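J.: Reading the sequence shown from the start, the letters are residues 648 to 1187 in our numbering.
Handing you a structure now.
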Amino acid sequence: MSWTASVATRSDALKALLLAAWLWLPSWAVLNTDHVQGASDALALLAFSLLLLAAPLVLAPGVRRYFLLWTPLALLAGPYCYLTLAYGSVPGDALLSSALNTGLAMSAQVLASFGWKLWLVPLSLLLYLWLAFSISPGWRLDTAARKRLLACCLMPVMLALVARQAVGHAVRLPPLLEQSTINLAFPSGLAASLWRVIGYERAIAGAGFASVQGRSIVGDTPMLVVLVVGESLRSDHLGINGYARNTTPGLAALGPQLLSFPDVASTANWTGYAMPAIVSHATGKQRATLVPTFREAGFRTAWLSNQEVSVYGASAEVREYARNSMDFHLRTDDNLLPMFTSFVRQAGPRQFLVLHMIGSHIPYEERYSGASRVFHPTLSDAGVDNPLPKNKAEAINSYDNTVVETDRFLARMIAVLQAEQRPAVLVFTSDHGENLFDDQRQLFMHAQPGPTRYDTHVPLLVWMNAAYRRAYPAVVAALQANRAKPVGHASMFASVLELGAVAWQGSDARASFASPMYQPGPRPVTLELSGPSAPYESLK
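Structure, rendered in structure tokens:
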């Protein structure tokens, strides 16, 4: 790339390299976290952040002015690197929300706790400004160089888009334009978090759910409660539930620490009707939801989703959606892990999180990475996008690979929780199941008007760390005693609150499978959009 020769000097070039390295350093710090899995992710992260930083030179060709425009980022670069390395995760919505909602006195105390390190921030800024101002003001990119820079910025983007369309969805490309990369790169990750936090109050205003006056029965005792909702996952395709294939090696390795309930029914065979039963409870004409009930009991709350925006997460302090309108395919749930880790490590002693996965939703080939491609030939191998009954074997192979991906995802989440000293509990279920050409009806997928046993029989898993087992032995005993009993998703609201030691107005211990008083109730399944239902036991 050519510069205007009469004003560029070797000294100016060296200063520009130092300033650019400082702005790029936060993205390099992310490589030291477990958010980046392999060279492909690292390459995409560094390339995307470099594109973001370089692009303004096309419009503002003056080199000194360019670096002065990035002064706010230079101020944030040092703290960003420190927090990323200290917490092992990028500063996310939880930290940003706390910073924006903390009073001046408390903010001063927090800043003072950093001691001498705090002085490195203004010192680094002064050094940055000194270097920037010392660059010759006449040093500019000429027109030809600006065109080449624009081409250099556009070329990787175009190649990424073309490559994604040209290769099969099962091929793992560097995620240059994926939401996960945007959330991790500097400064796009901060900008995305700020956008979500600013929109938080607006989201709350439109929720309008009923309150059941949640209150903690253990005071302000530290606790972490995680509810993970899978997508289209059948209970009978989990190796830990007796499936012939080992689709859940990570979960199986947990042994008796993990409790699996084999007889669990969804309330519908599509997400729109199934999800409300998991996270809410009818109270007259309104519904009470888990997030505000946990907030009333003193928990910091988060709703992390790989699906569309949901009103049921509107009142969470932190709301993050890995999925957006820019669909670049191959969306797996690994996008949620940095958000999850960031919240767990940064958001306080009492936390409640809901994670809504994309899981095993069709198209299966886009739901798992190469490491989870255990069973084959797959639909991709057969060149089939819309399987027919003759493609049953390939469809099952592809589906089972999504189960392996879910197993890896849950195992990585639990690994984070295992490091917690406070009581921690994770509950996993799926919104509904899936049809896989199982019988003479030759049904595939879900959401047909007539639900089946296959698309409503779902898993239910509960994992507790050692601290939780010591603190709540009665709950552990109740869970073990109730494992063989039938459970419906209508019991989820009461049970999750019981696991979090939260009392609420109108509670009934008989509805909670975490209570020694649990009594299985009816398990109605919605048949049609108009609302009629049938007992789960009557489905075929």
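Here a beta-carbon is modelled for each residue, glycine too, at the ideal position from N, C-alpha and C.
All of these numbers come straight from a predicted model, not from anything done at the bench.
Could you give the DSSP three-state label for H682: helix, strand or coil?
T.: Reduced to three states, the DSSP call for H682 is coil.
J.: Within this structure, are the beta carbons of H1093 and H1079 separated by less than 7 Å?
T.: For H1093 and H1079, yes; Cβs fall inside 7 Å.
J.: Which residue comes first and which comes last in the alpha helix (DSSP H) that contains P896?
T.: First-last of the alpha helix (DSSP H) with P896: 896-899.
J.: On the criterion of 16 or more Cβ atoms from any shown chain inside 10 Å, does N971 qualify as buried, or is it exposed?
T.: Summary for N971: the model assigns pLDDT 49, below 50, so the residue's position carries little reliability; its value from the coordinates is reported in the next sentence. So N971 counts as exposed.
J.: Buried or exposed for D1086, going by 16 or more other Cβ atoms inside 10 Å?
T.: When all chains shown are included, D1086 counts as exposed.
J.: Going along the chain, which residues of its own chain have a beta-carbon closer than 7 Å to the beta-carbon of R1157, five neighbours each way excluded?
T.: Same-chain partners within the cutoff: M1164, Y1165, Q1166.
J.: May I have a chain-ordered list of the alpha helix (DSSP H) segments no shorter than 4 residues that lie completely inside the stretch 676-730?
T.: Counting only runs of 4 or more, we get 686-701, 703-706, 710-716.
J.: Which residue marks the beginning of the alpha helix (DSSP H) containing E943, and which one marks its end?
T.: E943 -> alpha helix (DSSP H) spans 937-943.
J.: Going by the CB atoms, is the gap between A944 and R1055 shorter than 7 Å?
T.: Cβ distance not < 7 Å, so R1055 and A944 don't count as in contact.
J.: With contact counted as at least three CB pairs below 8 Å, one residue from each stretch, are the stretch 981-992 and the stretch 1038-1049 in contact?
T.: Contact between the stretch 981-992 and the stretch 1038-1049 is absent, because fewer than three Cβ pairs lie under 8 Å.
J.: Based on the DSSP secondary-structure assignment, which residues constitute the bridge partners of W763?
T.: Its beta-bridge partners do not exist; DSSP assigns none.
J.: At what residues does the beta strand (DSSP E) containing R892 begin and finish?
T.: Looking at the DSSP string, R892 is not in any beta strand (DSSP E), and its letter there is neither H nor E.
J.: Measure the C-alpha to C-alpha separation of L698 and V1072 and round it to an integer number of angstroms.
T.: Using only the alpha carbons, I get a separation of about 41 Å.
J.: Tell whether a beta-carbon distance below 7 Å holds between M705 and L796.
T.: The identity of residue 705 in the sequence shown is Val, whereas the question assumes Met. Their beta carbons are under 7 Å apart, which means V705 touches L796 by this criterion.
J.: Rounding to the nearest angstrom, what Cα-Cα distance links M1111 and L906 in this structure?
T.: If I take the Cα positions, the gap works out to 9 Å.
J.: Name the DSSP beta bridge partners of W950, please?
T.: In the DSSP output, where bridge partners are listed per residue, W950 has R966, V1001.
J.: Which same chain residues, not among the five before or five after A852, have their C-beta less than 6 Å away from its C-beta?
T.: No answer about A852 holds up, because its pLDDT of 48 lies below 50 and its placement is not dependable.
J.: How do the stretch 706-717 and the stretch 766-786 stand: do at least 3 beta-carbon pairs fall below 8 Å, yes or no?
T.: With a cut-off of 8 Å, the stretch 766-786 and the stretch 706-717 count as touching, because enough Cβ pairs lie within range.
J.: For S827, which of helix, strand or coil comes out of DSSP?
T.: Here S827 sits in helix by DSSP.
J.: Could you work out which residue in K1132, E1067, A1062, E1013 is closest to S1045 when comparing CA atoms only?
T.: Comparing Cα-Cα distances from S1045 to each of K1132, E1067, A1062, E1013, the minimum goes to E1013.
J.: Report the residue from D867, G902, G889 whose alpha carbon sits nearest the alpha carbon of P909.
T.: Comparing Cα-Cα distances from P909 to each of D867, G902, G889, the minimum goes to G889.
J.: Indicate whether V859 and D740 have their beta-carbon atoms separated by less than 7 Å.
T.: No; because the gap between Cβ atoms is not below 7 Å, this pair is not in contact.
J.: Could you tell me whether the stretch 1128-1144 touches the stretch 922-929, where touching means 3 or more Cβ pairs closer than 8 Å?
T.: They touch, by the three-pair rule.
J.: Measure how close the beta-carbons of G725 and S771 come, nearest whole angstrom, since I'm counting them as under 8 Å.
T.: Sure, about 5 Å apart at Cβ, within 8 Å.
J.: Could you pull out every residue in the same chain whose Cβ sits closer than 6 Å to the Cβ of M973, ignoring the five residues on either side in sequence?
T.: Interpretation of M973 is limited by its pLDDT of 41, a score under 50 that renders its predicted location unreliable; the figure taken from the coordinates is listed afterwards. Closer than 6 Å at the Cβ level, and outside the excluded window around M973, lies no residue.
J.: Assign K662 to buried or exposed, taking buried as 16 or more other Cβ atoms, counted over all protein chains shown, within 10 Å of its Cβ.
T.: K662 is buried by the Cβ-count criterion.
J.: Following the continuous alpha helix (DSSP H) through M922, name the residue where it begins and the one where it ends.
T.: Counting along the chain, the alpha helix (DSSP H) containing M922 begins and ends at 918-926.
J.: Can you tell me whether DSSP reads G735 as helix, strand or coil?
T.: Correct three-state label for G735: coil.
J.: Taking 8 Å as the threshold, find out whether the stretch 998-1010 comes into contact with the stretch 866-881 through three or more Cβ pairs.
T.: Touching, per the Cβ criterion.
J.: Straight-line CA distance for P803 to A832?
T.: For P803 and A832, the distance between alpha carbons rounds to 16 Å.
J.: Report, in whole angstroms, the separation of the C-beta atoms of V938 and S962, which I expect to be a contact under 8 Å.
T.: V938 to S962, Cβ: 5 Å. Contact.
J.: Less than 6 Å between C-beta atoms, sequence neighbours within five positions excluded: which residues of the same chain meet that for L700?
T.: Within the same chain, L700 has close Cβ partners L670.
J.: Can you have a look at T828 and say buried or exposed, based on whether 16 or more other CB atoms are within 10 angstroms of its CB?
T.: Buried, because 16 or more other Cβ atoms sit within 10 Å of the Cβ of T828.
J.: State the beta-bridge partners of S1077 as determined by DSSP.
T.: Bridge partners of S1077: G877.
J.: Please list the terminal residues of the continuous beta strand (DSSP E) segment that includes V1063.
T.: Segment 1039-1065 is the alpha helix (DSSP H) holding V1063; no beta strand (DSSP E) there.
J.: Determine the direct distance from the alpha carbon of A1062 to that of T895, and round the result to whole angstroms.
T.: Rounded to whole angstroms, T895 to A1062 spans 15 Å at the Cα level.
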